[in-house]
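Novice: Quick note, the sequences are listed as chains A and B, same order.
Heads up, the first sequence is in the numbering used here, so the first residue is 1141 and it goes up one at a time.
Heads up, the second sequence is in the numbering used here, so the first residue is 1141 and it goes up one at a time.
Number of protein chains: 2
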Amino acid sequence: MNLTTSEENYIKSIYHLQLVSHLVNTNTLARELNTKAASVTDMLKKLKTKKLVKYERYYGFKLNENGTRMALRIIRRHRLWEHFLVSKLNFQWDEVHAIAEELEHVSSPELIKKLDSYLGKPKIDPHGDPIPDVDGKLPVIKQINLFDLVNLKPATVSSVSNQSPQMLEMLKHYGIGIGSQLKIIRAFPFDHSLEIKVSKQAPCIISEQVAKNIFVYHD
Amino acid sequence: MNLTTSEENYIKSIYHLQLVSHLVNTNTLARELNTKAASVTDMLKKLKTKKLVKYERYYGFKLNENGTRMALRIIRRHRLWEHFLVSKLNFQWDEVHAIAEELEHVSSPELIKKLDSYLGKPKIDPHGDPIPDVDGKLPVIKQINLFDLVNLKPATVSSVSNQSPQMLEMLKHYGIGIGSQLKIIRAFPFDHSLEIKVSKQAPCIISEQVAKNIFVYHD
DNA sequence: TAATATTTTTAGATTTGTCTAAATTTATTT
DNA sequence: AAATAAATTTAGACAAATCTAAAAATATTA
């Protein structure tokens, strides 16, 4: 089924609100979407006829299986584009939301498939949120602060909590970015610095301060 | 000024039709946009009040300076996305038009600026059409068949005329793609093969057949 | 040039998504 | 439990973009 941009925005917002409360009410959704309660009621009637939500008047609503599948598809697109904007175009993670909101409505499945491959099939977006897979499954992945990483197995950089120019300068110098593969070689107890290997680069040493701002996950 | 997707599509189509005939007429544009003459008239009144076209009823219309600037902005977005889809996502050039038609309406200037840099500020899209610069200037660039390239100066790959899996397999093997920088090192008269250097790779030799399908330009 | 054909525009309707204001239903309070 | 408050829905309107059918203007042809 093909959805309009507006329908997609409603579906996505309902999904997010459902993470907090099982049933969603009209006013809450209206606030979330910067619209009026009457508009929400109108749209929900439409979504009901399209069999995307369970909705009884005056009783709130929620996505059904169909609607949830659609929501995850939209969220997948949104998070892949966010990853792209940060890992490839050098946006900072707090700048990408609005742009991804537009890109997420471009609906070519082939495009998303290729974008996913191009990004290395990432599991987590730059805000640290999981990216649903093609089948709408959300990976359960533990993000680990690089400083707390004890084993020597390769890990993928999922997010960076400090976005200051100074930090970004350092990350650039080390060749570390969202999606980078890295591995700890050893830890130096003296100043808690870490010797790491990033992708195929020569090993380097990063300070405790830098390590504490980098989050990684294992596949 | 902010334009709707529909307005942008009209502006873009008028631009393209103006390349053929100075004045555009209602029916021609209706055919181009798969719509009806009455709809075109309606939209042209709107574009006139927005001061994007010169339009007198029954006499045809054309973009004014304002409208032309907008058209080039949209075409810039379209062609940059096409370049991205081919050079980064491995689409073939005959598959990208419809997707770029959607992406071109995402209007963040910052996005386009960064996309442009990321692609290496390309001057030509994968169909061989010039990409307008930020100021709407169209580069005048001569595309040269790699086989006809005589000098040894570096050139940029702009398009590949043969999109067969066999050809793509070879290009992949040589590491040649849209946007690749390459340089002829020498030509072998015996079989007309060429020794070339692609980006920072080790030199390699390509056959006359391959060379004849690759188009390049000088900056 | 008068008749006919084509093109373009207007008039009025439709769809989508939105709104305001009023009515209805549910929830809360005294 | 009655009165009041809050949330939700309905009714009716509006803007954008489209359409059909009819009218008006322009172009072509006999």
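Cβ coordinates follow ideal geometry from the N, Cα and C atoms, glycine included.
1) Among the residues of its own chain, which have a CB less than 8 Å from the CB of residue 1320 of chain B, if the five just before and after it don't count?
2) What are the start and end residues of the beta strand (DSSP E) that includes residue 1336 of chain B?
3) Note down, in chain order, every chain A residue with its Cβ under 7 Å from the Cβ of residue 1242 of chain B.
4) Comparing C-alpha positions only, which one of B:1333, B:1233, B:1248 sits nearest to residue 1238 of chain A?
5) Taking the beta strand (DSSP E) that residue 1326 of chain B belongs to, which residues open and close that run?
6) Would you mind stating whether residue 1206 of chain B and residue 1184 of chain B have Cβ atoms separated by less than 8 Å?
7) Between A:1329, A:1312, A:1332, A:1331, which has its C-alpha nearest residue 1341 of chain A's C-alpha?
8) Note the first and the last residue of the continuous alpha helix (DSSP H) segment covering residue 1212 of chain B.
9) Can you tell me which residues form a DSSP beta bridge with residue 1296 of chain B?
10) Which residues in the same chain have their Cβ closer than 6 Å to the Cβ of residue 1243 of chain B, if we skip the five residues on either side of it in sequence?
11) According to the Cβ coordinates, are residue 1251 of chain A and residue 1224 of chain A closer than 8 Å?
12) Taking beta-carbon pairs under 9 Å, can you tell me which members of the segment 1217-1241 of chain A lie near chain B?
13) Would you mind stating whether residue 1355 of chain A and residue 1285 of chain A have Cβ atoms separated by less than 8 Å?
14) First and last residue of the alpha helix (DSSP H) that includes residue 1186 of chain B?
15) Anything in chain B within Cβ reach of residue 1259 of chain A, meaning under 8 Å, just list it in chain order.
16) Taking the straight line between their C-alpha atoms, what separation do you get for residue 1261 of chain B and residue 1240 of chain B?
17) Distance cutoff 8 Å, beta carbons only. Does residue 1251 of chain B sit that close to anything in chain A?
18) In the DSSP assignment, find the alpha helix (DSSP H) that holds residue 1150 of chain A and state where it starts and stops.
19) Is any heavy atom in the ligand MN found nearer than 7 Å to the beta carbon of residue 1201 of chain B?
20) Would you mind giving the Cβ-Cβ distance between residue 1279 of chain B and residue 1322 of chain B, rounded to the nearest angstrom? I have them listed as a contact below 8 Å.
21) Compare the C-beta of residue 1255 of chain B with all C-beta atoms of chain A and state if any pair is closer than 8 Å.
22) Return the CA-CA distance between residue 1148 of chain B and residue 1254 of chain B, expressed in angstroms with no decimal places.
23) Starting from the C-beta of residue 1204 of chain B, find all residues in its chain whose C-beta is less than 8 Å away, skip the five residues before and the five after it, and write them out in chain order.
24) Just the C-alpha distance for residue 1318 of chain B and residue 1226 of chain B, rounded to the nearest angstrom, thanks.
25) Roughly how far, in whole angstroms, is the beta-carbon of residue 1325 of chain B from the beta-carbon of residue 1343 of chain B, given that I think they are within contact range, below 8 Å?
26) With a Cβ-Cβ cutoff of 8 Å, do residue 1150 of chain B and residue 1208 of chain B count as a contact?
27) Strictly by DSSP, which residues pair up with residue 1202 of chain A?
28) Considering just the uninterrupted stretch of the alpha helix (DSSP H) at residue 1239 of chain A, what are its terminal residues?
29) Confirm, please, whether the CB-CB distance from residue 1266 of chain B to residue 1236 of chain B is below 8 Å.
30) Cα separation between residue 1305 of chain A and residue 1216 of chain B?
31) In the DSSP output, what is residue 1165 of chain A paired with across the bridge?
32) Assign residue 1270 of chain B to one of three DSSP states: helix, strand, or coil.
Specialist: Taking the geometry as given:
1) 1296, 1297, 1338, 1339
2) It spans 1333-1338 - the beta strand (DSSP E) in which residue 1336 of chain B sits, taken as one unbroken run.
3) 1246, listed in chain order.
4) B:1248
5) 1321-1328
6) Not in contact: residue 1206 of chain B and residue 1184 of chain B (Cβ atoms no closer than 8 Å).
7) A:1312
8) Start and end: 1205-1227.
9) B:1321, B:1357
10) 1221
11) no
12) Those would be 1225, 1228, 1229, 1230, 1231, 1235, 1238, 1239, in chain order.
13) yes
14) 1177-1189
15) Per Cβ cutoff of 8 Å: no residues; residue 1259 of chain A is ~10 Å from chain B at best.
16) 18 Å
17) yes
18) 1145-1158
19) Ligands displayed in this structure: none; no statement on the ligand MN is therefore possible.
20) Their Cβ separation, rounded to whole angstroms, is 19 Å, which puts residue 1279 of chain B and residue 1322 of chain B out of contact at 8 Å.
21) yes
22) Rounded to the nearest angstrom, the two C-alpha atoms are 22 Å apart.
23) 1191, 1192, 1193, 1194
24) 7 Å
25) 6 Å
26) no
27) A:1194
28) 1237-1243
29) yes
30) Roughly 30 Å separates the two Cα atoms.
31) BP columns for residue 1165 of chain A are empty, so no partner.
32) Three-state DSSP puts residue 1270 of chain B in a strand.
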